[in-house]
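Take a look at the structure below.
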Amino acid sequence: MKNLITATLMTIVTTVLFGLIYPLAVTGIAQLAFPDKANGQLIKKNGVIIGSRIIGQPFAGSSYFHSRPSAAGAAGYDAGASSASNLGPTNKNLIDRVKGDADKLQAENLGKPVPIDLVTTSASGLDPDISPAAAEFQVPRVARERGLSENQLRTIIAAHTEGRLLGFLGEPRVNVLELNLDLDSRQTNNCPISFSLSRHAGINTS
Numbered sequence: 238m239k240n241l242i243t244a245t246l247m248t249i250v251t252t253v254l255f256g257l258i259y260p261l262a263v264t265g266i267a268q269l270a271f272p273d274k275a276n277g278q279l280i281k282k283n284g285v286i287i288g289s290r291i292i293g294q295p296f297a298g299s300s301y302f303h304s305r306p307s308a309a310g311a312a313g314y315d316a317g318a319s320s321a322s323n324l325g326p327t328n329k330n331l332i333d334r335v336k337g338d339a340d341k342l343q344a345e346n347l348g349k350p351v352p353i354d355l356v357t358t359s360a361s362g363l364d365p366d367i368s369p370a371a372a373e374f375q376v377p378r379v380a381r382e383r384g385l386s387e388n389q390l391r392t393i394i395a396a397h398t399e400g401r402l403l404g405f406l407g408e409p410r411v412n413v414l415e416l417n418l419d420l421d422s423r424q425t426n427n428c429p430i431s432f433s434l435s436r437h438a439g440i441n442t443s
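When we follow the working numbering, the leftmost residue of the sequence shown carries the number 238, and every step to the right adds one.
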C-alpha cells in the first residue's frame with residue numbers, strides 16, 4: 238500500500254512539474270527573451286501574416302526569385318507534410334524530374350550552369366533559402382521583368398545574403414521571401430506579391 242501511495246504521489250508531482258510548470262516556464266521565458274523566434278518568425282504585410290522567415294513557399298511569377306523545388310505534400314511546400322521525396326539517386330522518376338527542371342532553367346539562362354539547389358529538394362521540403370549562386374542564376378530574368386539593371390539586383394541580393402554561422406557553420410544563403418518583399422517595396426509601381434494563406438500551414442503566392 239505504501240508503494241502505491243508513493244507511486245501515485247510521484248506521478249502527480251512529476252505530471253504537474255514537467256507537464257505544466259516546466260512548459261509554462263519555458264514558454265514564458267521564450268516570449269520574454271525572443272518573442273519573434275518563439276512565435277515562428279512570422280512576416281506581416283499591411284497587418285496580415287504572409288509567411289514565415291523559416292518556412293519556404295513557392296513563387297511562380299517571372300518577376301520574382303523562385304525557391305528551390307519541394308517534395309513536401311502533393312503540391313510541395315506543405316508544412317503539414319514536411320519531407321523529402323526519399324527517392325534514390327538512381328531512381329528514374331527523380332532523374333527525369335531533375336532533368337526536366339534543369340532543361341527549363343537552362344532555357345531561361347542559356348550557357349549558364351544550373352545551381353544544384355534549383356533542381357533538388359531539401360530534406361524538409363520547406364527550405365526558405367537558396368544559395369547566392371541560385372539567386373545569381375535568376376538575376377537576368379528578374380532584372381528583365383522588373384526593368385532593373387543586373388547590378389542593381391546583385392546589390393539587393395548581397396544585402397539579403399547571410400554568411401556562415403560563426404564563420405564556419407553551414408553555407409551562405411539568401412531568404413527568398415524577404416528578397417522578393419524587398420523588391421516589391423522598392424518598386425511601388427510594380428504589382429505587389431499576391432499572398433494568400435494556404436489550406437496547409439504554409440503560404441502560396443501566384
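Ideal Cβ placement from N, Cα and C applies to all residues, glycine included.
Judged by pairs of C-beta atoms under 8 Å, the region 252 to 272 does not touch the region 338 to 354, as fewer than three such pairs exist. Closest in C-alpha terms to N276, from the list Q375, I291, I393, A318, comes I291. Close CB contacts of S322 within its chain, under the 7 Å cut and outside five residues either way in sequence, are with A308, L331, T358 (chain order). Counting along the chain, R401 sits inside no alpha helix (DSSP H), nor does DSSP assign it H or E at all.
Annotation for K349: no beta strand (DSSP E) segment contains it, and DSSP assigns it neither H nor E.
Exposed is the label assigned to R423, since fewer than 16 other Cβ atoms lie within 10 Å of its Cβ. Closest in C-alpha terms to L390, from the list S368, L402, N417, L406, comes N417.
Approximately 15 Å separates the beta-carbon atoms of H397 and D364; this is outside 8 Å, ruling out the contact. A distance below 6 Å between beta-carbons, with the five flanking residues on each side excluded, links R383 to the following residues of its chain, in chain order: S300. DSSP places N283 in the coil class of the three-state scheme, outside both helix and strand.
Taken in chain order, no unbroken stretch of alpha helix (DSSP H) lies wholly in the region 287 to 322 with a span of 4 residues or more.
Note that the C-beta distance between D366 and V411 is below 8 Å.
Spanning the alpha carbons of L257 and R401 requires a straight line of approximately 37 Å. Inclusion of P295 and G313 in the CB contact set at 8 Å is warranted, their separation being smaller than that value. In the DSSP assignment, D366 is bridged to N412. For I393, the closest of A380, K341, L261 by C-alpha to C-alpha distance is A380. When the beta-carbon positions are compared, F302 and A395 stay at least 8 Å from each other. Where N388 is concerned, the enclosing alpha helix (DSSP H) starts and stops at 387 to 396.
I280 sits away from L403, with the two beta carbons spaced by 8 Å or more.
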